[in-house]
Structures are given as C-alpha cells and as structure tokens.
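A.B. asks: The working numbering runs 7 ahead of the 1-based position in the sequence shown. All residues carry an ideal CB built from backbone N, CA and C; glycine is no exception. Mind having a look at this structure? Questions to follow.
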Amino acid sequence: MRSCWLVIVMLFAVNVQAATDCSVVTEIPQIECEALIALYDSTNGVNWINNTPCDWMDVFCSDGNVTELSLGSNQLSSLPPEIGNLTQLTKLYLIGNQLSSLPPEIGNLTQLT
C-alpha cells in the first residue's frame, strides 16, 4: 500500500513539474509563461496543474498571448513583479483581494482597458 501512495505522489509531482516547464510551452511566449509561474508560486495556484497555461483556471489567451487574468477573491496580498511581463493583458481582475500596493512593473501593462 505504501508503494502505491509513493507512485501517486510521484505522478502528481511530475504533473505539477510539467506545468512549470516553460521551455516546452508553445502557446504563449516563454516570458509570459514565466510570469504566470511566478504568479503561481506566489499564490499557490493549486488549480494550475496541466502544462498548457492557456488552459489554467482564470487565465485567458488570444492570438498567442495572455490577455486576461481573473484573480478576484483569491486572498492575494501581493503580486510578483513578473506580472509586468504580461504586456498583452487587456483585463486584470483583482477585486476582493487584500492588496495594499501593486508592483511598479504593473505600469508595463499598457493594454489594460
């Protein structure tokens, strides 16, 4: 029984690792993938478990770029500076969080509407 649990844990670890390997992601630029990973790491994004960032919960893409993040009511207290690398974002939903400030890199998001 113990070996069965070990196999399950190993399979889960491989699946999570696949989600963080931006070198194999082709749907979006690597810098955008790395920005999402930084966000994942800073927020414990447990629902981002496959290796296709555009299929991650609350991540929306268009024409090969991340264009929308819906991060409302996630108990966020901060955002990583890498969020500024998502330069094609048009929508960023942050309502219902506990943010006291935003990183200066948020100014790179010139496409927000």
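How long is the line joining the alpha carbons of Gln95 and Asn81, rounded to whole angstroms?
C.D. replies: 22 Å
A.B. asks: Give the range of the beta strand (DSSP E) segment to which Pro29 is assigned.
C.D. replies: Contrary to the premise, residue 29 reads as Cys rather than Pro in this sequence. No beta strand (DSSP E) contains Cys29, which DSSP labels as neither H nor E.
A.B. asks: Enumerate in chain order the residues of its own chain whose CB-to-CB distance from Gly79 is below 8 Å, with the five nearest sequence positions on each side excluded.
C.D. replies: Once the five neighbours on either side are set aside, the close Cβ partners of Gly79 are Tyr100, Leu101, Ile102, Gly103 and Asn104.
A.B. asks: Closer than 8 Å by C-beta to Glu41: which residues in its own chain qualify, once you throw out the five before and the five after it? Chain order, please.
C.D. replies: Cβ neighbours of Glu41 beyond the five flanking positions: Cys29, Glu89 and Asn92.
A.B. asks: Give the secondary structure of Thr120 by DSSP, where H, G and I count as helix, E and B as strand, and everything else as coil.
C.D. replies: coil
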